[in-house]
Amino acid sequence: MLETPAPWATSDQHLALVIDDDARVHEFVAATLAEHGIRVGSFQTAKTALEAVDGTAPTVIFLDVALLESDAIDVLNGLGKRNYRGVVHLMSGGRVALLEAVQRLGVRNGVTLGPHLTKPVSREAIVQVITRMGLSNPPLQPDGGADRGAYRPVSR
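Counted from 1, the sequence shown has number 67 at position 68 by numbering that gives the first Met the number 0; the numbering is strictly sequential.
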């Protein structure tokens, strides 16, 4: 299961939520964000993602337009009801009519939408989004020390 435990919600780092039912896309986006020092909560359904929004303040949400078991519409309606003040970036495989309908719904719900990302999503597109938002830290690499979970900035 891709849902992450609550500890990601208790830090001063920027928080991003990735909502996508495709594990490969999900993991790729989450890993790219984490490499740039952004905490990531990963979710497959609208319900679990909206539960995560309660009590946290995600800076940015990457939302798949065509979720299978739930719907991006559910997420946008829920974000509107919660007065979400971050930015949502829709991810779409190219179904223009669906993307435009979801964008209109987001606007009606008072949700701020950033530029959408076309699937397959590229690392460059994700980095461009977080850089424009001022969220990107230098890429991180695993620290070879005793704490294998620690990361340190990559030297350039």
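The beta-carbon is built from N, C-alpha and C at its ideal position, and this holds for glycine as well.
Item	Value
Which residues does DSSP pair with G40 in a beta bridge?	L16
Grab me the residues of L49's own chain with a C-beta within less than 6 angstroms of its C-beta, minus the 5 sequence neighbours each way, in chain order.	G77
Out of D21, S41, D20, point me to the one whose CA is closest to R29's CA.	For the sequence presented, residue 29 should be read as Ala rather than Arg. When only C-alpha atoms are compared, the closest one is S41.
Flag this pair as touching only if the segment 122 to 138 and the segment 96 to 107 have three or more C-beta atom pairs under 8 angstroms; answer yes or no.	no
In angstroms, rounded to a whole number, what distance separates the CA positions of L98 and I18?	15 angstroms
Could you pull the DSSP bridge partners for I129 from this structure?	DSSP, once it has assigned bridges, lists no residue as partnering I129.
Could you have a look at L49 and say whether DSSP puts it in helix, strand or coil?	helix
Taking the continuous beta strand (DSSP E) assigned at H88, which residues delimit it?	86 to 91
With DSSP as the reference, label D70 as helix, strand or coil.	coil
How big is the Cα-Cα spacing for V74 and K46?	8 angstroms
Kindly identify the DSSP beta-bridge partner or partners of F61.	V17, H88
Looking only at DSSP bridge pairs, what is L112 linked to?	V87
Measuring CA to CA, which of R81, D20, A96 is closest to N61?	At residue 61 the sequence reads Phe, which differs from the Asn that was named. Ranking the options by Cα distance to F61, first place goes to D20.
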